[in-house]
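Below is one structure, written out as structure tokens, with a few remarks after it.
Residue numbers (this note's numbering): 10 to 200.
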């Protein structure tokens, strides 16, 4: 277990495990738009889902097939206990064998800073394999600071994220950045 996994599975994190910091209104609206009611089944994978509290507040459509995945077994236990009707997987999403071209939307909320910079390109390769043609990857980052939380520098920025998204494979659909507070979001679609 690496230091980040150890932290999220430790008792140090227990006091805040059942809480979820609110997204800035601009980012929350982006999620609402992406998770709007559908006419047909829609597969959502929530990578680094944590306790899934924020995302599951957004899900109001029974046609959305939601799966949360996280490398913290305590977060997955909490999410499963609070939301038994959804599917949660204890695993590292970078190495989990997802079915190719099976997802319509992949969410990565406040998880990028927990991935070594050298592995961040893997996110885009993995997402490209897992998403259906035209599917979207939504990455958001807020300036939530948790005491003693280990981060893998450098702290991700919208610009660094866009550099990793190969324009031959991805098209930018939407983005938002508030540099003063390091809050940003990007939605890219698989070509």
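Beta carbons are placed, not taken as given, at the ideal position from N, Cα and C, and that holds for glycine.
Spatial distance of residue i from residue j (CA atoms)
i	j	result
residue 136	residue 114	9 Å
residue 105	residue 64	21 Å
residue 221	residue 85	Lying outside 10 to 200, the shown extent of the chain, residue 221 is not represented and no answer is given.
residue 46	residue 93	21 Å
residue 44	residue 74	11 Å
residue 148	residue 124	13 Å
residue 180	residue 138	15 Å
residue 100	residue 81	8 Å
residue 66	residue 41	10 Å
residue 34	residue 183	15 Å
For residue i, the residue or residues it bridges with in DSSP
i	result
residue 76	54, 96
residue 146	115, 197
residue 184	195
residue 171	The partner list for residue 171 (beta bridge, DSSP) is empty, contrary to what the question assumes.
Cβ neighbour criterion (16 or more within 10 Å) applied to residue i
i	result
residue 72	exposed
residue 127	exposed
residue 118	buried
residue 196	buried
residue 165	buried
residue 199	buried
residue 144	buried
Residue i versus the options, residue with shortest Cα-Cα distance
i	options	result
residue 168	185, 178, 177	185
residue 116	39, 200, 69	39
residue 78	192, 70, 53	53
residue 70	95, 82, 87	95
residue 91	172, 62, 144	62
residue 129	171, 107, 97	171
residue 151	193, 133, 48	193
residue 109	142, 176, 97, 98	142
residue 107	174, 76, 83	76
residue 1	83, 98, 133, 48	This structure cannot settle anything about residue 1, because the visible part of the chain is limited to 10 through 200.
Proximity test, residue i beta-carbon vs the ligand NAD heavy atom, cut-off 7 Å
i	result
residue 186	Here there are no bound small molecules, and the ligand NAD is not part of this structure.
Whole-Å CB distance - residue i paired with residue j, under 8 Å assumed
i	j	result
residue 103	residue 131	5 Å
residue 50	residue 120	Residue 50 to residue 120, Cβ: 25 Å. No contact.
residue 68	residue 112	That pair is no contact at about 15 Å.
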